[in-house]
Structures are given as structure tokens and as C-alpha cells.
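Have a look at the structure below, then the notes.
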Amino acid sequence: MTAPAFHVTVHGTPGPQGSKTRNAAGALYESSAKVKPWREAVKSAALDGIAYDESWMPLDEPVRLDVVFTLRRAKHHYGTGKNAGVLKASAPQFPTGKPDLDKLVRSTQDALKDAGVLHDDSVVTAVFAAKAYPLTGADALSHPGAVIRVWRLNIPKETSS
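Each residue of the sequence shown is one higher than the last, beginning at 164 in the numbering used here.
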């Protein structure tokens, strides 16, 4: 793997897709209000990413999906008064609470399929996913969002001369 087949940075609050709830009329709806805006943000960024590649075809081969989600820190991670905006020493290094990582991946894969990056999310055979706080590691953004890379796993066939 020398270069990803697709690479994009998405800005916005990552939203998990998973649990559904029934309303009084019996209709199902997503329990997270963040999933629809997140899927739209991913789809929009992905469409922008493939817009200038006239030969782009949805990936219909085994791929690896790498995603680093940057999540907003809770207010209680910061000091108050003259220390407002200063991260407390006791603030966690990694986000271990909700949203669940697998549900973030699910919403992101579906958006990549809707945008035409993937033929179907079933072509994803390997996933590397991480949650991070702003500017805390490789690919962690300065604000909520995600860095997404899709790698082809098939070895390209050499053309005969």
C-alpha cells in the first residue's frame, strides 16, 4: 500500500449510527440526532473529494478503512475562572465514553457508500479506527471531525509489455 485510493478530512461532530427507537406511532428513528448531520458532512466531503476525478468508480474490491475521529472535550476537562480554556492535569488523554467507536464507523461507512466512494460497505474487509481529542495525536484535528483513508487491498496486476 503506497497511497490511499481515497483520502478526505471531514469537519463536524461525528455521529453514531446504531440503536433505533420507536415513537408512539411505531415508526423507527435513529436514537442519535447527530447521525444525519454527520452522514451528510461525510457524504458532502466525499463527493467533493471525487468530483474532479472523472474516472472515479466506486470501489468494488477489498479495502481497508482508516478513520480517526476527533471528538470535542467535555467542559469539565478545563479549568474555570482565570484557568478557563486551560486543560486540567486530570483530564483524560483518550475519549472512552460515548459515542461508541463501532457506531461511528458504521455511520461513516454508510455515508461513503451513499457518496459513491464504496460500491457497498461490505467491501470493507479491514478497519483501523480511533477516537481522539483535538490535537492529541496523528490525524487528530484541531476541532471535531475525522480523517478518512480508504486503501485498496488487492495487489495491482502488472501489465504485460
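Note that beta-carbon positions come from the ideal geometry of N, C-alpha and C, so glycine has one too.
Straight-line CA distance for V286 to R315?
The straight-line gap from Cα to Cα measures roughly 10 Å.
Would you be able to state if there are at least three C-beta pairs under 8 Å between the region 274 to 288 and the region 209 to 225?
The region 209 to 225 vs the region 274 to 288: in contact.
Would you call the region 302 to 312 in contact with the region 247 to 263, where contact means no fewer than 3 C-beta pairs closer than 8 Å?
Pairwise C-beta distances place the region 302 to 312 out of contact with the region 247 to 263, as fewer than three of them are shorter than 8 Å.
Taking the alpha carbon of A209 as the reference point, which residue from P297, G279, P177 has its own alpha carbon closest?
Checking every option, the nearest Cα to that of A209 belongs to G279.
Would you give the residue range spanned by the alpha helix (DSSP H) that T271 belongs to?
Under the DSSP assignment, T271 falls in the alpha helix (DSSP H) whose first and last residues are 264 to 278.
So, for D152: in the same chain, excluding its five sequence neighbours on each side, which residues have a beta-carbon less than 8 Å away from its beta-carbon?
The requested residue 152 does not occur in the structure, where the chain is confined to residues 164 to 324.
Taking only three categories from DSSP, how would you classify I213?
Helix.
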